[in-house]
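Residue numbers (the numbering used here), protein chains in the order written: chain A, 4 to 244; chain B, 9 to 183. Note that the Cβ used here is the ideal one computed from N, Cα and C, for glycine as well. Notes to accompany the following structure.
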């Protein structure tokens with residue numbers, strides 16, 4: 004059996020907590036930028052103008068996503084911290100309630116009442132250990148649950164930028180009409196598949212190919228539905244104009 | 009929940025007492041008063057404060073001709089281990105695994121499948137003369153229960169917060 008270093012494992016879990024931002028950012032950056040390139044290529048004839056508009060969209064998108072992730076995590080963290088503080092005040096005022104609640108949770112997880120009682124009694128010798136275990140078991144709240152707003156914002160912004168560069172770089176490097184857009188879309192599809200495959204690898208799945216195809220299919224379906232909605236509402240724009 | 013004046017449902021249940029498993033029957037209890045207290049579970053954190061509280065004042069209850077019995081839905085083996093864990097309990101802990109006695113006294117919490125924290129005092133005729141219940145998360149007062157037992161045994165009108173030595177109310181009246 005492979006030995007597991009708990010400290011190393013804890014660091015790994017902390018790193019993995021950013022996977023959501025990385026996957027979301029890369030997927031959104033790649034898909035949004037590919038969409039901008041496709042849309043503008045139909046409306047604007049000059050390659051450089053399309054590239055410039057896509058660059059501007061990328062910069063705005065990265066900043067917006069970073070700010071959104073920062074504000075979202077901050078709001079969530081503040082609410083959770085406030086709840087946690089309230090729980091701690093209640094726990095200090097009514098320690099028996101916490102002990103009984105933790106005991107019930109341990110029984111639900113398969114310990115006999117007698118064994119659970121002994122565990123809680125041992126934990127009660129160290130109020131800090133009792134409180135943190137009760138918070139995790141009774142309310143699902145623990146240190147890693149509380150996000151890091153600044154880190155989440157930076158990771159989301161950088162991930163969006165990396166994702167956006169995927170369709171952007173082929174488009175900038177290939178100047179032959181139609182091949183530029185084709186290269187951008189192919190790179191986007193390949194990257195979306197790659198993100199899914201990477202996610203499967205992180206989750207130690209055997210069917211990483213399926214994970215990649217599923218990710219690609221979901222992302223492309225979302226893009227296709229968006230495109231169809233655009234087509235459906237375009238007559239409204241013509242009427243208004 | 010039974011109230012003063014109601015006849016107390018009889019029981020004949022397995023119990024743990026003085027470090028062994030035995031049987032306890034209401035019909036065989038000869039004391040003047042009987043104090044029956046229901047509690048939710050063995051191996052919990054509020055119940056032991058009550059169970060040991062009644063045990064610590066058992067001499068005072070005995071001096072008042074009052075037998076004490078605790079009841080929960082745990083079986084007699086659990087009661088025995090629990091009593092050992094608490095350092096020994098000198099009154100019977102009755103096993104009511106299916107909650108039938110708690111139901112008969114109207115104090116079974118169907119949601120949690122445990123008895124409420126309810127206290128009953130029975131007189132010589134085994135009618136209820138006192139009943140009360142607390143929420144599951146609040147322990148009852150042992151000293152208040154002892155005060156009520158003492159007040160009941162006087163047979164007099166006892167004003168609020170009456171304790172031995174305090175003057176009784178007017179005689180010749182029911183309340």
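Check	Outcome
Inter-residue Cα distance where the pair is residue 78 of chain A and residue 126 of chain B	45 Å
Members of the stretch 92-114 of chain A that neighbour chain B once the beta carbon cut-off is set at 7 Å	99, 100, 102, 103, 106
Under the three-state DSSP convention, the category residue 125 of chain B falls into	strand
is_contact[residue 117 of chain A, chain B] using C-beta, thresh 8 Å	yes
Runs of alpha helix (DSSP H) wholly within the stretch 94-178 of chain B (minimum 4 residues, chain order)	108-112, 150-162
Cα-Cα separation between residue 244 of chain A and residue 207 of chain A, rounded to whole angstroms	With a pLDDT of 47 at residue 244 of chain A, under the threshold of 50, the predicted position of this residue should be treated as unreliable, and no value is reported.
Proximity below 8 Å, CB of residue 8 of chain B to CB of residue 145 of chain B	No statement about residue 8 of chain B is possible, as the shown extent of chain B runs from 9 to 183 and does not include it.
Positions along the stretch 189-212 of chain A whose CB lies within less than 9 Å of some CB in chain B	none
Beta-carbon gap between residue 140 of chain A and residue 105 of chain A smaller than 8 Å	yes
First through last residue of the beta strand (DSSP E) which encompasses residue 2 of chain A	The requested residue 2 of chain A does not occur in the structure, where chain A is confined to residues 4 to 244.
Contact under 8 Å by Cβ, residue 79 of chain B with residue 116 of chain B	no
Straight-line gap, residue 39 of chain B to residue 73 of chain B (C-alpha atoms, nearest Å)	5 Å
Cβ-based neighbour list, residue 157 of chain B, same chain, cut-off 8 Å, excluding 5 preceding and 5 following	41, 43, 69, 72, 74, 129
Residue burial classification, residue 51 of chain B (beta-carbon count within 10 angstroms, cutoff 16)	buried
Contacting residues, own chain, Cβ-Cβ under 6 Å from residue 33 of chain B (five flanking each side not counted)	20
Supposed close pair residue 73 of chain A, residue 153 of chain A - CB separation, criterion 8 Å	7 Å
Contacting residues, own chain, Cβ-Cβ under 8 Å from residue 136 of chain B (five flanking each side not counted)	10, 11, 12, 13, 14, 15, 16, 128, 129, 130
Through-space distance from residue 121 of chain B to residue 94 of chain A, alpha-carbon basis	25 Å
Extent of the continuous beta strand (DSSP E) run through residue 33 of chain B	28-33
Segment contact, 8 Å Cβ cut-off, at least three pairs: the stretch 25-40 of chain A with the stretch 158-174 of chain A	yes
Minimum Cβ-Cβ distance from residue 1 of chain A to chain B less than 8 Å	The structure shown has nothing for residue 1 of chain A, since chain A only spans 4 to 244.
Residues of its chain near residue 4 of chain A, where Cβ-Cβ distance is below 8 Å and the 5 sequence neighbours each way are ignored	Any reading at residue 4 of chain A is ruled out, since the residue's pLDDT is 46, under 50, leaving its predicted position unreliable.
Test: residue 52 of chain B CB closer than 8 Å to a CB of chain A	yes
C-beta neighbour in chain A for residue 106 of chain B, strict 8 Å	no
Collapsed DSSP secondary structure at residue 46 of chain B in the structure displayed	strand
Check whether residue 60 of chain B and residue 109 of chain B have beta carbons under 8 Å apart	no
Cβ-based burial, residue 148 of chain B [other Cβ within 10 Å; buried from 16]	buried
Rounded separation between residue 67 of chain B and residue 88 of chain B - CA only	21 Å
Element boundaries [beta strand (DSSP E), containing residue 21 of chain B]	20-25
Against chain A: residues of the stretch 24-54 of chain B by CB proximity under 8 Å	49, 50, 51, 52, 53, 54
Cut-off 8 Å between Cβ atoms - residues of its own chain near residue 31 of chain B, not counting five sequence neighbours on either side	20, 21, 22, 23
Of the residues A/11, A/21, A/41, A/20, the one placed nearest residue 227 of chain A, counting alpha carbons only	A/41
Contacting positions in the stretch 77-89 of chain B - beta carbon closer than 7 Å to chain A	89
Near-chain A residues of the stretch 141-158 of chain B (beta-carbon distance less than 7 Å), N- to C-terminal order	145
C-alpha gap between residue 28 of chain B and residue 114 of chain B, whole angstroms	29 Å
Test item: CB-CB of residue 21 of chain A and residue 158 of chain A under 8 Å	yes
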